[in-house]
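A quick write-up on the structure given underneath.
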Amino acid sequence: MNTDYFTIGKLAKETETKVVTIRYYESIGLLPAPLRTGHNYRLYNRDHFKRLSFIRRCRSLGFPLSQIREIIALTDRPDEDCQKVDKIARGHLDIIESKIQDLTQLASELRQKITACQGGTIAQCCILKNLSKQNNNAHKTNFIKKTGR
């Protein structure tokens, strides 16, 4: 990247981000509006690249866009105490750890059902019988409730 400006296609390629995602981040204000050429093409600079890379890294860590927006707003105040960023990160970590705990519980339950399987026909399948039991729906895990899955 030795050019001063680059197109949305080049930015997308360099950051491994879909063009539509870049436009979306721009439309919701996470990515500042770029310069426009006479033909209305977007021209992005190094700051756009850095911001988009930052957003991508936050997304890869599972941060929702609302928290990324908060964190970006805090980066505009470099002399402030980092306690607010720490609070956001700790809150996000708590959510991740809770999801891991819920997923571990789900994996254990499914592992038990698979272990109980003795093979045979679909009509005799104990996995299907266990999944069909009424009480399986009665105790949806927090993960399912939180994610809506």
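Numbering follows UniProt numbering, in which position 75 of the sequence shown is assigned residue number 75; successive positions increment by one, without gaps. Every residue gets a Cβ at the ideal spot worked out from N, C-alpha and C, and that includes glycine. Note that this is a predicted model, so its numbers are computed, not measured.
Mapping DSSP to helix, strand and coil, what is residue i?
i, result
"Tyr41", "coil"
"Phe63", "coil"
"Arg23", "helix"
"Leu31", "coil"
"Arg77", "coil"
Since residue i and residue j should fall inside the 8 Å C-beta cutoff, what is the C-beta to C-beta distance between them, to a whole number of angstroms?
i, j, result
"Ile22", "Ile8", "6 Å"
"Leu30", "Ile88", "No, Leu30 and Ile88 are not in contact; Cβ-Cβ is about 15 Å, not under 8 Å."
Return yes when the Cβ of residue j is within less than 9 Å of the Cβ of residue i, no when it is not.
i, j, result
"Lys84", "Glu97", "no"
"Leu11", "Phe49", "yes"
"Arg51", "Asp4", "no"
"Glu14", "Phe6", "yes"
"Leu131", "Ile122", "no"
"His39", "Leu61", "no"
Is it buried or exposed for residue i, if we count other Cβ within 10 angstroms and need 16 for buried?
i, result
"Cys58", "buried"
"Tyr25", "buried"
"Pro32", "exposed"
"Ala107", "exposed"
Between which two residues does the alpha helix (DSSP H) harbouring residue i extend?
i, result
"residue 180", "Here the chain has residues from 1 to 149 only, and residue 180 is not among them."
"Thr15", "8-15"
"residue 163", "This structure does not reach residue 163, given that the chain is present from 1 up to 149, and the question cannot be answered."
"Lys129", "126-132"
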